[in-house]
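S.K.:
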Amino acid sequence: MNPSGQTAIRRKAALISARLDRLPTTRYIWKILLLLSLGGCFEFYDLFLMTYIGPGLVRSGLFSGVSVSFFGLTGLASFVSATFAGLFIGTLVFGFAADTFGRRTIFTYSLLWYTVGSIVMAFQTTTSGILIWRLITGIGIGVELVTIDTYIAELMPKEVRGRAFAINQVVQFTAIPLVAVVSWLFVPRSYFGLDGWRWVVLLGSVGAIFVWFIRRSIPESPRWLIARGHISEAERAVADMEERVAADWGAELSSVGLEIPAEESPSARVRFVQILQPPYRSRTLMLMVFQLAQTIGYYGFASWVPTLLIAAGIRTTASLQYSFIIAIFAPIGPLLIQGIADRFERKWQIVWSAACIGGFGLLFARQKDPGWLILLGVMLTCSNNWMSVAFHAYQAELFPTRVRAQAVGFVYSWSRFSAIFTSLMIGFFLQHFGVGGVFAFIAASMAVVVLAIGVFGPRTRGLALELISHG
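Taking the numbering used here, the leading residue of the sequence shown gets 2, the next gets one more, and so forth.
1) Considering just the uninterrupted stretch of the alpha helix (DSSP H) at M51, what are its terminal residues?
2) Are the beta-carbon atoms of Q170 and V450 separated by less than 8 Å?
3) Thinking C-beta only, is L16 closer than 8 Å to V257?
4) Could you check whether the segment 183 to 201 touches the segment 338 to 348, counting it as contact only if at least three pairs of C-beta atoms, one from each stretch, sit closer than 8 Å?
5) Find the nearest neighbour of S222 within the set F440, A406 and R28, judged by alpha-carbon distance.
6) How many Å lie between A356 and A448 at the Cα?
7) Between the Cα of L288 and the Cα atoms of T84, T138, S416 and Q322, which residue gives the shortest distance?
8) Are three or more beta carbon pairs between the segment 130 to 139 and the segment 102 to 113 nearer than 8 Å?
9) Taking Cβ positions, are I219 and L37 nearer each other than 8 Å?
10) Below 8 Å, how does it come out for the segment 87 to 94 and the segment 136 to 153: are there three or more Cβ pairs, yes or no?
11) Just grab the DSSP bridge partners of Y152 for me.
12) Is it right to say E398 is buried, meaning 16 or more other beta carbons lie within 10 angstroms of its own, or is it exposed?
13) Between the segment 375 to 393 and the segment 53 to 60, do three or more beta carbon pairs fall short of 8 Å?
14) Within the same chain, show all residues whose beta-carbon is closer than 7 Å to that of P44, passing over the 5 residues directly before and after it, in chain order.
15) Which class does D22 belong to by DSSP, given the choice of helix, strand or coil?
16) What residue range does the alpha helix (DSSP H) around P335 cover?
17) For G301, count the other beta carbons within 10 Å of its own beta carbon; 16 or more makes it buried, fewer makes it exposed. Which is it?
18) Since V188 and V202 should fall inside the 8 Å C-beta cutoff, what is the C-beta to C-beta distance between them, to a whole number of angstroms?
19) What ranges does the alpha helix (DSSP H) occupy inside the segment 108 to 195, keeping only unbroken runs of at least 4 residues that lie completely in it?
20) State buried or exposed for K369, treating a residue as buried only when at least 16 other CB atoms are found within 10 Å of its CB.
21) Please return the same chain residues whose Cβ sits closer than 6 Å to the Cβ of S206, not counting the five positions on each side in sequence.
22) Helix, strand or coil for F302, going by three-state DSSP, please let me know.
23) Among A366, E236, E467 and S384, which one has its Cα closest to the Cα of S438?
24) What first and last residue would you give for the alpha helix (DSSP H) that runs through L277?
25) Within 10 Å of its beta-carbon, does Q278 have 16 or more other beta-carbons around it, so buried, or fewer, so exposed?
26) Which residue's Cα is closest to the Cα of L50: I326, R199 and V290?
27) Would you kindly check if the distance between the Cβ of I421 and the Cβ of S384 is under 8 Å?
28) Please state whether DSSP places E398 in a helix, a strand or coil.
29) Decide if G96 is buried, meaning its Cβ has at least 16 other Cβ atoms within 10 Å, or exposed.
30) Unbroken alpha helix (DSSP H) runs of length 4 or more, entirely within the segment 406 to 470: which are they?
31) Shortest alpha-carbon distance to W185 belongs to which of S283, A328, D47 and R282?
32) Look at the alpha carbon of A248 and the alpha carbon of S79, and state the distance between them as a whole number of angstroms.
33) Please report the Cβ distance between V412 and Q275, rounded to the nearest whole angstrom; I am assuming they are in contact, meaning their Cβ atoms lie under 8 Å.
34) So the candidates are W31, A86 and V161; which of them puts its Cα closest to the Cα of L464?
35) Which of the three DSSP states is assigned to Q368 in this structure?
36) Could you pull the start and end residues of the alpha helix (DSSP H) that P220 belongs to?
Right, dumping it as C-alpha cells:
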C-alpha cells in the first residue's frame, strides 16, 4: 500500500478510537461492563473456592492440612499450587489467543473451558485426579481474566476507565461472599452421598448457562478489529455503539476532535517481542517484579483465611463463619474506590494499597480476639481489593492493542508463577514461624511493590490508550 493510503487508514483508526473515548457513559456502556463482569464473576467464584473448601478437602482425607515436605503433593498447599500452575499456563502460554482470535470469542470459550474442568474435578476421588483437573480448570480461568482486562480497557471511555475496573471488581468480588456462605453451609456436611466441598464446586458451574446470552449482547472490541486490519468492521461496531448510546443519551453525540495518534499500521503483524523493546521493556520488567511480589500479599491472605484463623486458635466451623463475615466485605473495597478511581494516579493507588496490606497484616498477626481478627481481616480484604482494581486497570493500559492480551498475560503470568510457590511458602512459614511469620513475609513483599511501582511506574490517568502506548 502506498504511503498516502497507509496515512488514510491510520487516520481512520485514530478517529475510531477517538469516537470510542468520547462516548458518554450511558446505560448501554454500563450494560456491556456488567455482562463482562458477570462472566468474570463465575471465574472468581471458582478461583476463590480453593480458600473455603480447604477444610473440606482435609476432612475428606484427600489432603493434609500441612505439607510433609516443601514439594509434597498431599498437603493442601499442593491444591492451591495446582490452581496457580494452571493460571500460569493460561496467562503465559495462551495469552496470545485473545489477540489472535478476538476478545469476544476467547471470552466465551474460556468460560466454557473452566466450567467443564470444574464439573469433572468435582467427581474425582483421588488426590492426583483433583490436582490434574484443578490445573486444567486454572488454565481456563487464566485466559478468561486476561481477556476481560483487555476487553474493558479497550471498550470503556478513557475518563471512566478506572471507575469501570472498580465496578467490574465489585461485581466479580461478590462471588467471594457467595462461595464463602455456600462453603459455610455445605463443606461441613454431605448431601446425597457427595461431600459438601463437591457441591460447592458444582454450584459454581452454572456459569455455562449464561455464556451464549452474554456473547450475543457484547460487541467485539473495535480497537482489536483495527489492530487486525478490519477497519470497516471496526467502523460498523463503533457506529452501532454510538447509535445505542445516543438512544440512551436522548441527544446527538458531541463531535470528535482528533487529539490522539494512531498506533502502528493496522497491517503490521503481531510481534510479541515488542514488549521486550523500548519503550515497553521497562514497563514489562517493572510489572514482572510487581506481580511476583503482589501475589504474596494478595493470595497469601485471601487463599489462607480459614487456615490462618484456625492457626490463631479459632475452631474449624467458627473459622468458616468468620471467613464468611470477612468475605462479605470483598466488594466493599472496589465500591468505595470507584468514586475516586479516576481522580488519582493509578500508580499511587497501588503504592498506598500495598502499604495498607503490609500494615494491617502485621497487626492481624498480633491478635487473638475474634473481633479484632475480623476487623483487621476486613481491612486487609478491602486493601487487597483496592490494589486489585488499580493494577488490573494499570497493566492493561501500558501496552499497545495488537499485543495487549499477550503482554497482560505475560506480566500477569509472573504472579501465577509466584503463587505456585507462595502457597508452599505460606504453608512453610505457618508451620515453622506461625501467623506472625506469614505476615512478616507478606509485609516484605509489599515493600517491594511500593518500590517497583512508586519509582518506575508511568502515569496513565485520563489518557487515551493510544497516547499511553506511544510511551
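Ideal Cβ positions, reconstructed from N, Cα and C, are used throughout, including at glycine.
M.R.: On the basis of the coordinates in this document:
1) R28 to Y53 is the span of the alpha helix (DSSP H), which, as asked, contains M51.
2) Between Q170 and V450, the C-beta spacing is not below 8 Å.
3) In this structure, V257 places its C-beta atom within 8 Å of the C-beta atom of L16.
4) Verdict: no, contact absent.
5) Per the Cα distances, A406.
6) Taking the straight line joining both Cα atoms gives about 7 Å.
7) Across the set T84, T138, S416 and Q322, the C-alpha of S416 shows the shortest separation from the C-alpha of L288.
8) Judged by Cβ distances under 8 Å, the segment 130 to 139 makes no contact with the segment 102 to 113, as fewer than three pairs qualify.
9) A contact, by the Cβ cut-off of 8 Å.
10) In short, these stretches touch, since the Cβ pair count reaches three.
11) DSSP lists no partner for Y152.
12) With 16 or more other Cβ atoms within 10 Å, it is buried.
13) Segment contact: the segment 375 to 393 against the segment 53 to 60, fewer than three CB-CB distances shorter than 8 Å; contact not assigned.
14) The residue you asked about is not Pro; residue 44 is Glu in the sequence shown. Counting only Cβ-Cβ distances below 7 Å, and skipping sequence neighbours, we find Y115, I142, E145 and L146.
15) Look at D22 here: in three-state DSSP terms it is helix.
16) I333 to I338 is the span of the alpha helix (DSSP H), which, as asked, contains P335.
17) Answer is buried; the Cβ neighbour count reaches 16.
18) About 11 Å separates the two Cβ atoms, so there is no contact after all.
19) Whole alpha helix (DSSP H) segments, 4+ residues: 128 to 156, 162 to 174 and 176 to 187.
20) Exposure of K369 is indicated by the presence of fewer than 16 other C-beta atoms within 10 angstroms of its C-beta.
21) Answer for S206: T116, S119 and I120, listed in chain order.
22) Helix.
23) It should be pointed out that residue 438 corresponds to Gly in this sequence rather than to Ser. For the set A366, E236, E467 and S384, the Cα lying nearest the Cα of G438 is the one of A366.
24) Run containing L277: none; DSSP gives neither H nor E here.
25) Around the beta-carbon of Q278, fewer than 16 other beta-carbon atoms lie within 10 Å, marking it exposed.
26) The residue with the shortest Cα to Cα distance from L50 is R199.
27) No, Cβ-Cβ distance for S384 and I421 is not below 8 Å.
28) Helix.
29) G96 should be labelled buried.
30) Every unbroken stretch of the alpha helix (DSSP H) spanning 4 or more residues and falling wholly within the segment 406 to 470 is given here in chain order: 466 to 470.
31) Cα-wise, what sits closest to W185 is A328.
32) Spanning the two alpha carbons is a distance of roughly 52 Å.
33) Rounded to the nearest angstrom, the Cβ distance from V412 to Q275 is 13 Å, too far for a contact under 8 Å.
34) Taking each of W31, A86 and V161 in turn and checking the Cα distance to L464, the smallest one comes out for V161.
35) Collapsing the DSSP output to three states places Q368 in coil.
36) Careful: P220 lies outside any alpha helix (DSSP H) and carries neither H nor E.
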